[in-house]
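Below: one structure, written as structure tokens.
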Amino acid sequence: MSFKKLYLLALLLGFTSIIQAQTYLGYNLKVGDSLKISQISKQEIVQKMNDQEHKIVNNLGGDYLFYVKSETDSSYVIDFKYDSFFMKTTSNLAGPIFDVDTRKEISEDDVEGKIFKGLTETALEINMLKTGKIISLVGTEDLINNMIDDLGLDSFTMEVMRESMRKEFGGESLIESLGQFTYMYPNKSANIGDSWKNKFKGDMKANNTWKLDSVDENLHISCNSEIALTSQEENLTMILKGTQQSVITSDKTTGWPTEAKITSTAKGISIMQGMENVEIPTTIISTTIYKPFK
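Going by my numbering, the first residue of the sequence shown is number 90, and it counts up by one from there.
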């Protein structure tokens with residue numbers, strides 16, 4: 090065999106090994122798949138004004154169920170349901186502010202408990218691309234109705250509450266929230282060390298740079314993000330910028346995330362209603378952990 094043929098053969102073998110080393114990065118779910126994930130989050134909000142520090146701590150999370158109903162060439166239709174939800178808010182100045190846990194028995198006079206118990210009684214239908222981007226969500230109005238229908242409120246108060254709930258649990262809000270868990274793939278093959286980018290929209294905008302760190306029976310992916318948070322509530326507006334780091338382990342076959350840790354720090358200002366000329370220095374530090382549950 091001539092030197093030229095040996096060279097071409099070596100080149101071909103090298104190219105083949107590169108192709109074989111590539112890993113598909115996208116979801117590869119099957120109709121009938123049932124997927125479960127548990128979320129635990131801790132968020133610390135620190136505001137400083139006149140040498141006084143106000144620290145609010147939110148501990149929240151829950152268990153989430155996903156069921157793959159159907160598949161097209163580019164997307165999946167998935168039933169999503171909150172199996173449980175909990176949230177506890179405390180303040181170093183005001184003490185306990187909010188405490189609800191749907192895993193516990195809800196008393197008849199526990200309005201907050203009833204609201205969030207209703208959260209666990211409705212299935213939503215998600216249309217998700219194989220990149221993980223959620224393009225539509227059906228069922229949010231039923232979800233909101235289940236959260237407030239049993240409260241015994243008059244029609245005017247119910248409508249006010251319904252509008253408030255739409256900000257947190259309406260279609261766009263939930264698409265943005267769920268998408269930050271699912272939307273991470275380029276839907277193509279890549280080598281270890283390759284990177285790609287995407288963006289999150291909504292109240293928390295993020296420019297994300299993802300990287301395939303390693304591959305074994307799982308995919309090991311990391312992400313560095315530049316984030317911007319704009320939150321406008323009835324009495325408070327927050328404008329912050331910062332960074333976020335994500336470390337994710339996904340099943341190599343399905344692409345489904347099995348474990349993840351997301352940490353972020355954002356700094357900026359808060360502006361309270363009636364004090365528009367006063368900018369309150371504000372920092373938010375968050376940690377969210379996802380892991381499977383049975």
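Note that the Cβ used here is the ideal one computed from N, Cα and C, for glycine as well.
With a floor of 3 residues, list each beta strand (DSSP E) that falls wholly inside the segment 102-189, ordered by position along the chain. 112-114, 123-138, 141-160 and 164-180
Excluding the 5 residues preceding and the 5 following SER163 in the sequence, name in chain order all residues of the same chain whose CB lies nearer than 7 Å to its CB. LEU218 and LYS219
Taking the alpha-carbon positions, what's the GLY370 to LYS137 distance? Before going further, note that residue 370 is Pro rather than Gly in the sequence given. The alpha-carbon atoms of PRO370 and LYS137 are separated by roughly 6 Å.
Classify GLY207 as helix, strand or coil using the three-state DSSP reduction. helix
Cα-Cα separation between GLU252 and ILE237, rounded to whole angstroms: 11 Å
Can you give the beta carbon distance from THR347 to PRO381, rounded, assuming they're within the 8 Å contact cut? 6 Å
Do ILE373 and VAL135 have their CB atoms nearer than 9 Å? yes
LEU240 burial status per 10 Å Cβ neighbour count (16 or more: buried): exposed
My output table needs one value for GLN362: the three-state DSSP class, helix, strand or coil. coil
Look at the alpha carbon of ASP302 and the alpha carbon of LEU213, and state the distance between them as a whole number of angstroms. 33 Å
Cβ-based burial, ASP152 [other Cβ within 10 Å; buried from 16]: buried
Could you round the C-beta distance between MET293 and LEU325 to whole angstroms and report it? I think they count as a contact, below 8 Å. The pair is not a contact, with the Cβ atoms about 16 Å apart (cut-off 8 Å).
LEU95 (DSSP reduced to helix, strand or coil): Confidence in LEU95 is poor, its pLDDT being 44 and thus under 50, which makes the residue's placement too unreliable to answer from.
Please report the residue range of the beta strand (DSSP E) in which PHE270 lies. Here PHE270 belongs to no beta strand (DSSP E); instead the alpha helix (DSSP H) covers 260-271.
Range covered by the alpha helix (DSSP H) that runs through ASP231: 229-237
So ALA295 and SER266 are supposed to be a Cβ contact under 8 Å. How far apart are they, rounded? The Cβ separation is near 13 Å, so there is no contact.
Sequence-distant residues of the same chain with beta carbon closer than 7 Å to MET247, five excluded per side: ILE237
Helix or strand or just coil, what does DSSP make of THR298? strand
Determine the contact status of THR298 and GLY331, defining contact as a CB-CB distance below 9 Å. no
Using only the alpha-carbon positions, how far apart do ASP340 and LYS288 sit? 23 Å
Do PHE155 and LYS125 have their CB atoms nearer than 9 Å? yes
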